[in-house]
Every structure is written in structure tokens, then in C-alpha cells.
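S.K.: Structure below; questions to follow.
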Amino acid sequence: GRPPGSPCLRPRVLGCCLATAQAACSWLTGRACRYLAAWALPQFLLVTHGDLPLLQADTDRLVVLVSGTFPEPRDAPPPLPPAPLPPQERQLCQQIRSVAASIQLFSADVLNVFSASCKRRSAEIFDQTM
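Per mature numbering (1 follows the signal peptide of the UniProt record, and there is no 0): the sequence shown = residues -23 to -1, 1 to 107.
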């Protein structure tokens, strides 16, 4: 069957979920990059080791909830495939999954970003002192 709720309410709820996930991703990456650029390491570590795991877990849970409430035909159990989602709802669900994947990628790449910044910083210090 169909996901629960009014047909006009579902895209609004998905839109709010997407906006929240996008805001979290933007805040997270923006803060981490800003703190690293300013070499504010305590704040950078707080964002990447405190906030990042929490926001990553929350967006992962959001994807599970969205996938359970708005299943794709390929994700549903065989006996009762769901009715196809309207295009707008399907697009919003895909965008939510994409934002969650972006947070996952940032989490996996944050150590490389930090390492590259350390190399740049040490090269700058070396150039200044030599």
C-alpha cells in the first residue's frame, strides 16, 4: 500500500526532513572547514568527533525511517510491493539519502582533510623559519 498520511502532507514532511538534513550537513562541513582553516583545533575536533558522529547517526536513522515509510519497490518484501511513489516524493527521498551519503563521505574523509591541512601548515611554518 500507500505510505500513511495525507497525500499533500507527505511531500511537506519529506521537504522538512530534507531541509533539516541539508542544514545539518552544511553546518557540519562549514564549521569543520572554518575551524580547520583558522587552525582552531579544539573546535575542529569537537565538531568532527562530537557533532559529526551524532549528526551522522541521526541522518542514518532518518534514512531508515524514510525508507520504511516510503519504500522503493526494490526495497519492499516480495509478497506486497508498495505502490510506486509519486515523482516528487521519490525525488525528496533520494535527496535525503544523498545528503546522508554526503555526511558519510565527509566522515570518512575528515582525517584526510586534517592530514592535508597539517602538511600545508607544517610547510608554511618551515618556509617561515628557514
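All C-beta atoms, glycine included, are put in the ideal place defined by N, C-alpha and C.
Treat the numbers as computed from the prediction; the structure is a model and nothing was measured.
Counting along the chain, where does the alpha helix (DSSP H) carrying Ser3 start and finish?
M.R.: Taken as a continuous stretch (DSSP letters only), the alpha helix (DSSP H) holding Ser3 covers -15 to 14.
S.K.: Looking at the unbroken alpha helix (DSSP H) that takes in Pro29, where does it start and where does it end?
M.R.: Position check: residue 29 holds Leu in this sequence, whereas Pro was assumed. Start and end: 29 to 46.
S.K.: Return the CA-CA distance between Tyr12 and Leu22, expressed in angstroms with no decimal places.
M.R.: Distance between the alpha carbons of Tyr12 and Leu22: 9 angstroms.
S.K.: Return helix, strand or coil for Leu18, following the three-state DSSP convention.
M.R.: DSSP places Leu18 in helix when its eight states are reduced to three.
S.K.: Where does Ser(-18) sit, in a helix, a strand or coil, going by DSSP?
M.R.: Three-state DSSP puts Ser(-18) in coil, outside helix and strand.
S.K.: What residue from Leu(-6), Phe91, Glu101 has the CA that sits closest to Gln20's CA?
M.R.: That would be Phe91, whose Cα lies nearest to the Cα of Gln20.
S.K.: Let me confirm a value: Arg(-14) is counted as buried when at least 16 other C-beta atoms fall within 10 Å, else exposed. Which label applies?
M.R.: Label assigned to Arg(-14): buried.
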